[in-house]
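Participant: Have a look at this one.
In the working numbering, the protein residues as written are -9 to 341.
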(Lines of atoms letter the chains of each structure in order from A and count residues from 1; the text may use other names and numbers.)
(Lines give C-alpha, C1' and ligand atoms only; values in the text may rest on other atoms or scores of the structure.)
Protein backbone atom coordinates (compact mmCIF):
# COMPACT_ATOMS: atom_id res chain seq x y z
CA UNK A 1 0.00 0.00 0.00
CA UNK A 2 2.85 2.39 0.80
CA UNK A 3 5.70 3.28 -1.55
CA UNK A 4 9.27 3.31 -0.25
CA UNK A 5 8.82 7.08 0.20
CA UNK A 6 6.27 6.44 2.95
CA UNK A 7 3.41 7.91 0.91
CA UNK A 8 0.52 5.93 -0.50
CA UNK A 9 1.32 4.10 -3.74
CA UNK A 10 -0.66 5.48 -6.67
CA UNK A 11 -1.53 8.69 -4.78
CA UNK A 12 0.17 11.72 -6.34
CA UNK A 13 -2.00 14.76 -5.65
CA UNK A 14 -0.55 17.35 -3.28
CA UNK A 15 -2.80 20.09 -1.90
CA UNK A 16 -1.47 23.17 -0.10
CA UNK A 17 -4.49 25.52 0.07
CA UNK A 18 -7.20 23.67 2.00
CA UNK A 19 -9.40 25.48 4.54
CA UNK A 20 -10.47 22.98 7.17
CA UNK A 21 -13.78 24.60 8.08
CA UNK A 22 -14.61 25.28 4.43
CA UNK A 23 -14.12 21.60 3.60
CA UNK A 24 -16.78 20.26 5.95
CA UNK A 25 -19.26 17.94 4.24
CA UNK A 26 -22.76 19.37 3.77
CA UNK A 27 -24.27 16.19 5.24
CA UNK A 28 -21.98 16.55 8.26
CA UNK A 29 -23.26 20.08 8.87
CA UNK A 30 -26.85 18.83 8.85
CA UNK A 31 -26.00 15.81 11.01
CA UNK A 32 -24.12 17.85 13.61
CA UNK A 33 -26.89 20.46 13.77
CA UNK A 34 -29.34 17.67 14.69
CA UNK A 35 -26.96 15.86 17.03
CA UNK A 36 -25.91 18.94 19.00
CA UNK A 37 -29.25 20.80 18.76
CA UNK A 38 -27.75 23.83 17.06
CA UNK A 39 -30.21 26.31 15.51
CA UNK A 40 -29.65 25.95 11.79
CA UNK A 41 -31.41 27.44 8.77
CA UNK A 42 -31.04 24.73 6.16
CA UNK A 43 -32.78 26.73 3.41
CA UNK A 44 -30.32 29.62 3.79
CA UNK A 45 -27.44 27.15 3.94
CA UNK A 46 -28.48 25.48 0.68
CA UNK A 47 -28.98 28.87 -0.98
CA UNK A 48 -25.51 29.98 0.14
CA UNK A 49 -23.90 26.86 -1.33
CA UNK A 50 -25.54 27.59 -4.66
CA UNK A 51 -25.36 31.36 -4.73
CA UNK A 52 -21.91 32.61 -3.73
CA UNK A 53 -20.48 34.47 -6.72
CA UNK A 54 -18.07 36.89 -5.05
CA UNK A 55 -15.70 36.83 -2.10
CA UNK A 56 -17.53 38.88 0.53
CA UNK A 57 -20.89 36.98 0.30
CA UNK A 58 -18.88 33.75 0.27
CA UNK A 59 -17.13 34.72 3.52
CA UNK A 60 -20.48 35.67 5.03
CA UNK A 61 -21.84 32.20 4.19
CA UNK A 62 -19.53 30.72 6.82
CA UNK A 63 -21.66 32.39 9.49
CA UNK A 64 -24.46 29.98 8.60
CA UNK A 65 -22.65 26.76 9.47
CA UNK A 66 -19.74 27.65 11.75
CA UNK A 67 -21.97 27.62 14.88
CA UNK A 68 -22.46 23.90 14.24
CA UNK A 69 -18.80 23.21 15.06
CA UNK A 70 -17.59 26.23 17.04
CA UNK A 71 -16.36 25.31 20.49
CA UNK A 72 -17.18 21.61 20.07
CA UNK A 73 -13.96 19.60 20.18
CA UNK A 74 -15.78 16.39 19.24
CA UNK A 75 -17.20 18.02 16.12
CA UNK A 76 -13.87 19.64 15.21
CA UNK A 77 -12.04 16.33 15.52
CA UNK A 78 -14.66 14.65 13.31
CA UNK A 79 -14.29 17.43 10.75
CA UNK A 80 -10.52 16.91 10.55
CA UNK A 81 -10.87 13.13 10.35
CA UNK A 82 -13.42 13.32 7.53
CA UNK A 83 -11.19 15.72 5.60
CA UNK A 84 -8.47 13.07 5.57
CA UNK A 85 -10.97 10.49 4.32
CA UNK A 86 -12.07 12.87 1.55
CA UNK A 87 -8.46 13.41 0.53
CA UNK A 88 -7.98 9.65 0.38
CA UNK A 89 -10.93 9.46 -2.02
CA UNK A 90 -9.23 12.08 -4.21
CA UNK A 91 -5.86 10.29 -4.45
CA UNK A 92 -4.07 12.88 -2.30
CA UNK A 93 -0.68 11.77 -0.99
CA UNK A 94 -0.14 14.83 1.21
CA UNK A 95 -2.06 17.98 2.13
CA UNK A 96 -1.79 21.01 4.37
CA UNK A 97 -5.00 22.16 6.01
CA UNK A 98 -5.40 25.62 7.53
CA UNK A 99 -7.79 26.91 10.17
CA UNK A 100 -8.27 29.86 12.52
CA UNK A 101 -8.24 28.52 16.10
CA UNK A 102 -9.94 31.60 17.52
CA UNK A 103 -12.68 31.47 14.90
CA UNK A 104 -13.49 27.90 15.97
CA UNK A 105 -13.85 28.88 19.63
CA UNK A 106 -17.33 29.63 20.92
CA UNK A 107 -18.20 33.06 22.20
CA UNK A 108 -20.03 33.08 25.53
CA UNK A 109 -23.30 33.66 23.74
CA UNK A 110 -22.73 30.54 21.67
CA UNK A 111 -22.09 28.09 24.54
CA UNK A 112 -25.10 25.79 24.76
CA UNK A 113 -26.04 22.79 26.85
CA UNK A 114 -25.91 20.43 23.88
CA UNK A 115 -24.30 17.35 25.36
CA UNK A 116 -20.67 18.36 24.84
CA UNK A 117 -18.03 20.21 26.83
CA UNK A 118 -17.07 23.45 25.03
CA UNK A 119 -13.45 24.05 24.13
CA UNK A 120 -11.96 26.03 26.98
CA UNK A 121 -9.21 27.64 24.91
CA UNK A 122 -7.60 27.66 21.48
CA UNK A 123 -5.28 24.83 22.52
CA UNK A 124 -8.33 22.57 22.75
CA UNK A 125 -9.30 23.50 19.20
CA UNK A 126 -5.81 22.85 17.82
CA UNK A 127 -5.51 19.57 19.72
CA UNK A 128 -8.87 18.39 18.34
CA UNK A 129 -7.75 19.12 14.79
CA UNK A 130 -4.44 17.34 15.28
CA UNK A 131 -6.15 14.31 16.82
CA UNK A 132 -8.53 14.09 13.85
CA UNK A 133 -5.68 14.37 11.35
CA UNK A 134 -3.65 11.73 13.17
CA UNK A 135 -6.59 9.31 13.36
CA UNK A 136 -7.26 9.90 9.69
CA UNK A 137 -3.66 9.23 8.74
CA UNK A 138 -3.72 5.99 10.74
CA UNK A 139 -6.92 4.80 9.06
CA UNK A 140 -6.39 6.05 5.49
CA UNK A 141 -2.63 6.57 5.08
CA UNK A 142 -2.89 10.16 3.80
CA UNK A 143 -0.26 12.41 5.38
CA UNK A 144 -1.18 15.91 6.48
CA UNK A 145 -0.01 18.97 8.40
CA UNK A 146 -1.74 22.05 9.82
CA UNK A 147 -1.33 25.80 9.24
CA UNK A 148 -2.68 28.17 11.91
CA UNK A 149 -4.62 31.16 10.58
CA UNK A 150 -5.85 34.54 11.55
CA UNK A 151 -8.24 36.75 9.59
CA UNK A 152 -7.81 40.29 8.34
CA UNK A 153 -9.38 42.78 10.71
CA UNK A 154 -9.00 40.51 13.78
CA UNK A 155 -6.03 42.21 15.46
CA UNK A 156 -7.06 40.82 18.86
CA UNK A 157 -6.10 37.30 17.67
CA UNK A 158 -2.54 38.11 16.66
CA UNK A 159 -0.74 38.18 20.02
CA UNK A 160 -2.50 35.00 21.24
CA UNK A 161 -1.63 33.34 17.93
CA UNK A 162 2.05 34.08 18.59
CA UNK A 163 1.73 32.23 21.90
CA UNK A 164 0.10 29.29 20.12
CA UNK A 165 2.99 29.13 17.66
CA UNK A 166 5.45 28.99 20.56
CA UNK A 167 3.41 26.28 22.30
CA UNK A 168 3.28 24.01 19.21
CA UNK A 169 6.85 24.65 18.07
CA UNK A 170 7.83 21.02 18.52
CA UNK A 171 4.64 19.42 17.21
CA UNK A 172 5.45 17.87 13.82
CA UNK A 173 2.01 18.54 12.38
CA UNK A 174 1.90 22.30 13.06
CA UNK A 175 3.99 23.79 10.29
CA UNK A 176 2.90 27.27 9.24
CA UNK A 177 1.02 30.54 9.55
CA UNK A 178 -1.50 32.26 7.27
CA UNK A 179 -3.83 35.26 7.25
CA UNK A 180 -7.03 34.96 5.23
CA UNK A 181 -10.28 36.91 4.92
CA UNK A 182 -11.13 40.16 3.16
CA UNK A 183 -7.81 41.57 1.92
CA UNK A 184 -9.52 44.80 0.87
CA UNK A 185 -10.03 45.90 4.47
CA UNK A 186 -7.91 48.97 5.21
CA UNK A 187 -4.87 48.29 7.38
CA UNK A 188 -4.71 50.03 10.72
CA UNK A 189 -1.23 50.83 11.99
CA UNK A 190 -1.78 48.44 14.91
CA UNK A 191 -2.87 45.53 12.71
CA UNK A 192 0.02 45.94 10.28
CA UNK A 193 2.62 46.14 13.06
CA UNK A 194 1.16 43.12 14.89
CA UNK A 195 1.01 41.16 11.64
CA UNK A 196 4.66 41.89 10.92
CA UNK A 197 5.50 40.79 14.46
CA UNK A 198 3.45 37.58 14.06
CA UNK A 199 5.33 36.64 10.91
CA UNK A 200 8.66 37.59 12.45
CA UNK A 201 7.92 35.28 15.39
CA UNK A 202 6.77 32.52 13.03
CA UNK A 203 9.97 32.72 10.99
CA UNK A 204 12.14 32.71 14.12
CA UNK A 205 10.42 29.51 15.27
CA UNK A 206 10.92 27.81 11.91
CA UNK A 207 7.34 27.95 10.62
CA UNK A 208 6.44 28.33 6.97
CA UNK A 209 4.68 31.56 6.00
CA UNK A 210 1.87 32.08 3.51
CA UNK A 211 -0.64 34.93 3.11
CA UNK A 212 -3.85 35.54 1.14
CA UNK A 213 -3.12 38.39 -1.28
CA UNK A 214 -4.08 39.44 -4.80
CA UNK A 215 -7.18 37.24 -4.81
CA UNK A 216 -9.70 40.03 -5.31
CA UNK A 217 -7.57 42.83 -3.98
CA UNK A 218 -5.07 45.21 -5.53
CA UNK A 219 -1.86 43.92 -7.06
CA UNK A 220 -0.01 46.11 -4.55
CA UNK A 221 -1.07 43.70 -1.81
CA UNK A 222 1.38 41.12 -3.16
CA UNK A 223 4.62 43.13 -2.77
CA UNK A 224 3.26 44.36 0.57
CA UNK A 225 3.14 40.84 1.99
CA UNK A 226 6.39 39.80 0.29
CA UNK A 227 8.43 42.81 1.39
CA UNK A 228 6.88 44.03 4.64
CA UNK A 229 5.30 40.91 6.12
CA UNK A 230 7.86 38.66 4.46
CA UNK A 231 5.84 35.63 3.43
CA UNK A 232 7.30 33.02 1.10
CA UNK A 233 4.05 31.77 -0.43
CA UNK A 234 0.99 33.60 -1.73
CA UNK A 235 -2.55 32.34 -1.32
CA UNK A 236 -4.25 32.88 -4.72
CA UNK A 237 -2.37 35.95 -6.04
CA UNK A 238 -4.12 36.17 -9.43
CA UNK A 239 -3.60 39.93 -9.54
CA UNK A 240 0.16 39.40 -10.01
CA UNK A 241 -0.30 39.52 -13.78
CA UNK A 242 -1.37 43.16 -13.59
CA UNK A 243 2.30 44.02 -13.02
CA UNK A 244 4.80 42.48 -15.49
CA UNK A 245 7.77 43.53 -13.34
CA UNK A 246 6.25 41.77 -10.34
CA UNK A 247 5.70 38.64 -12.42
CA UNK A 248 9.38 38.67 -13.42
CA UNK A 249 10.43 39.16 -9.82
CA UNK A 250 8.28 36.22 -8.68
CA UNK A 251 9.74 34.05 -11.45
CA UNK A 252 13.30 34.92 -10.42
CA UNK A 253 12.59 34.49 -6.69
CA UNK A 254 10.49 31.36 -7.28
CA UNK A 255 7.64 32.71 -5.15
CA UNK A 256 5.05 29.96 -4.85
CA UNK A 257 1.40 30.74 -5.65
CA UNK A 258 -1.46 28.61 -4.34
CA UNK A 259 -3.99 28.70 -7.21
CA UNK A 260 -7.55 27.46 -6.68
CA UNK A 261 -9.19 27.27 -10.14
CA UNK A 262 -12.84 26.54 -9.34
CA UNK A 263 -12.86 28.91 -6.38
CA UNK A 264 -11.39 31.64 -8.59
CA UNK A 265 -13.92 30.96 -11.34
CA UNK A 266 -17.00 30.86 -9.07
CA UNK A 267 -15.98 33.90 -7.01
CA UNK A 268 -14.95 35.91 -10.07
CA UNK A 269 -11.43 36.35 -8.71
CA UNK A 270 -9.66 36.16 -12.06
CA UNK A 271 -10.66 39.57 -13.40
CA UNK A 272 -11.75 37.90 -16.64
CA UNK A 273 -13.64 34.86 -17.90
CA UNK A 274 -12.15 31.43 -17.31
CA UNK A 275 -11.72 30.83 -21.04
CA UNK A 276 -10.04 34.18 -21.69
CA UNK A 277 -6.39 33.95 -22.85
CA UNK A 278 -5.62 36.42 -20.05
CA UNK A 279 -6.90 34.02 -17.40
CA UNK A 280 -4.16 34.28 -14.72
CA UNK A 281 -4.02 30.51 -14.23
CA UNK A 282 -3.46 30.04 -17.97
CA UNK A 283 -0.81 32.78 -17.91
CA UNK A 284 0.84 31.12 -14.93
CA UNK A 285 1.22 27.95 -16.95
CA UNK A 286 2.47 29.77 -20.06
CA UNK A 287 5.11 31.65 -18.05
CA UNK A 288 6.00 28.58 -15.97
CA UNK A 289 5.21 30.38 -12.74
CA UNK A 290 5.83 28.40 -9.57
CA UNK A 291 2.27 27.46 -8.59
CA UNK A 292 0.17 24.57 -7.33
CA UNK A 293 -3.52 23.65 -7.64
CA UNK A 294 -5.91 23.34 -4.70
CA UNK A 295 -9.62 23.21 -3.95
CA UNK A 296 -9.73 26.07 -1.39
CA UNK A 297 -13.07 25.12 0.23
CA UNK A 298 -14.46 21.76 -0.83
CA UNK A 299 -17.90 22.44 0.62
CA UNK A 300 -18.40 25.12 -2.03
CA UNK A 301 -16.03 24.14 -4.85
CA UNK A 302 -15.51 20.38 -4.66
CA UNK A 303 -12.31 18.58 -3.73
CA UNK A 304 -8.98 18.87 -5.53
CA UNK A 305 -9.70 16.52 -8.44
CA UNK A 306 -12.36 18.78 -10.06
CA UNK A 307 -9.87 21.67 -9.88
CA UNK A 308 -7.31 19.56 -11.73
CA UNK A 309 -9.92 18.41 -14.25
CA UNK A 310 -11.05 21.95 -15.13
CA UNK A 311 -7.44 22.88 -15.93
CA UNK A 312 -7.13 19.85 -18.19
CA UNK A 313 -10.43 20.37 -19.97
CA UNK A 314 -10.77 24.16 -20.18
CA UNK A 315 -7.15 25.34 -20.05
CA UNK A 316 -5.71 22.36 -21.93
CA UNK A 317 -3.08 21.59 -19.31
CA UNK A 318 -1.01 18.62 -20.45
CA UNK A 319 -0.07 15.71 -18.21
CA UNK A 320 3.48 17.06 -18.31
CA UNK A 321 2.30 20.43 -16.99
CA UNK A 322 0.22 18.80 -14.26
CA UNK A 323 3.30 16.80 -13.29
CA UNK A 324 5.32 20.06 -13.05
CA UNK A 325 2.59 21.56 -10.86
CA UNK A 326 2.57 18.56 -8.50
CA UNK A 327 6.35 18.79 -8.16
CA UNK A 328 5.99 22.53 -7.45
CA UNK A 329 3.53 21.73 -4.66
CA UNK A 330 5.79 19.09 -3.12
CA UNK A 331 8.78 21.43 -3.17
CA UNK A 332 6.76 24.29 -1.62
CA UNK A 333 5.27 22.19 1.19
CA UNK A 334 6.09 23.31 4.72
CA UNK A 335 7.95 20.13 5.65
CA UNK A 336 11.36 19.36 7.13
CA UNK A 337 13.93 18.89 4.38
CA UNK A 338 14.08 15.11 4.69
CA UNK A 339 10.30 14.68 4.54
CA UNK A 340 10.03 17.17 1.69
CA UNK A 341 12.69 15.25 -0.25
CA UNK A 342 10.70 12.03 0.26
CA UNK A 343 7.53 13.70 -1.01
CA UNK A 344 9.32 15.14 -4.05
CA UNK A 345 10.85 11.73 -4.80
CA UNK A 346 7.40 10.15 -4.49
CA UNK A 347 5.97 12.56 -7.10
CA UNK A 348 8.99 12.21 -9.38
CA UNK A 349 8.65 8.41 -9.29
CA UNK A 350 5.43 8.67 -11.26
CA UNK A 351 7.10 10.08 -14.35
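Every residue, glycine too, gets a C-beta built ideally from N, C-alpha and C. Model, not experiment: these values are computed from the prediction.
Report the start-end ranges of each beta strand (DSSP E) in the stretch 149 to 196 that is 3 residues or longer and not cut off at the edges.
Facilitator: 164 to 170
Participant: Taking 8 Å as the cut-off, decide whether the C-beta atoms of residue 88 and residue 157 are in contact.
Facilitator: No, they are not a contact pair.
Participant: Residues in the same chain with beta-carbon distance under 6 Å from residue 38, minus the five sequence neighbours each way, listed in chain order, please.
Facilitator: 51 and 54
Participant: Report the three-state DSSP secondary structure of residue 306 (helix, strand or coil).
Facilitator: coil
Participant: Short check: CB of residue 316 to CB of residue 3, under 8 Å?
Facilitator: yes
Participant: Just the Cα atoms here: how many angstroms apart are residue 201 and residue 46?
Facilitator: 18 Å
Participant: Ends of the beta strand (DSSP E) at residue 210?
Facilitator: Note, residue 210: premise wrong, no beta strand (DSSP E); not H, not E.
Participant: Evaluate the contact criterion for the stretch 174 to 192 versus the stretch 19 to 32: three or more CB pairs, one atom per stretch, below 8 Å.
Facilitator: no
Participant: Where do the N-terminal and C-terminal ends of the beta strand (DSSP E) with residue 46 fall, by residue?
Facilitator: Note, residue 46: premise wrong, no beta strand (DSSP E); alpha helix (DSSP H) at 45 to 55.
Participant: Distance check for residue 154 and residue 73, CA to CA, integer angstroms please.
Facilitator: 23 Å
Participant: For residue 28, does the three-state DSSP call read helix, strand or coil?
Facilitator: Note: residue 28 maps to coil in three-state DSSP.
Participant: Quick check on DSSP: helix, strand or coil for residue 5?
Facilitator: strand
Participant: Assuming residue 387 and residue 125 are in contact, meaning their beta carbons sit under 8 Å apart, how far apart are those beta carbons, in whole angstroms?
Facilitator: What is shown of the chain runs -9 to 341, which leaves residue 387 out entirely.
Participant: When burial is assigned at 16 or more other CB atoms within 10 Å of the CB, is residue 241 buried or exposed?
Facilitator: exposed
Participant: Name the two residues that bound the continuous alpha helix (DSSP H) containing residue 88.
Facilitator: That residue, residue 88, is in no alpha helix (DSSP H); its beta strand (DSSP E) goes 82 to 89.
Participant: Shorter than 7 Å, the distance from the beta carbon of residue 161 to the closest heavy atom of the ligand FMN, or not?
Facilitator: Among the ligands in the structure shown, none appear at all, so the ligand FMN cannot be discussed.
Participant: Sort out for me which residues DSSP pairs residue 137 with in a bridge.
Facilitator: 88 and 166
Participant: So the alpha helix (DSSP H) residue 69 belongs to, where does it begin and stop?
Facilitator: 63 to 78
Participant: Relative to the C-alpha of residue 19, which candidate in 160, 66 and -2 has its C-alpha closest?
Facilitator: 66
Participant: Per DSSP, what kind of secondary structure is residue 126 in: helix, strand or coil?
Facilitator: helix
Participant: Once the 5 residues before and after residue 112 are set aside, which same chain residues still bring their CB inside 7 Å of it?
Facilitator: Within the same chain, residue 112 has close Cβ partners 91, 92, 95, 150 and 154.
Participant: Residue 313 bridges to which residues according to DSSP?
Facilitator: In DSSP, residue 313 forms no bridge with anything.
Participant: If we call anything under 8 Å between Cβ atoms a contact, is residue 184 one with residue 148?
Facilitator: yes
Participant: Alpha carbon to alpha carbon, what distance is there between residue 135 and residue 180?
Facilitator: 30 Å
Participant: Under 6 Å Cβ to Cβ from residue 152, same chain only, skipping five residues before and after it: list those, please.
Facilitator: Result list for residue 152: 188 and 191, in chain order.
Participant: Kindly indicate which residue of 326, 251, 333 and 337 has the alpha-carbon position closest to the one of residue 160.
Facilitator: 326
Participant: Is the CB-CB distance between residue 248 and residue 225 below 8 Å?
Facilitator: yes
Participant: In the structure shown, what three-state DSSP assignment does residue 264 receive?
Facilitator: coil
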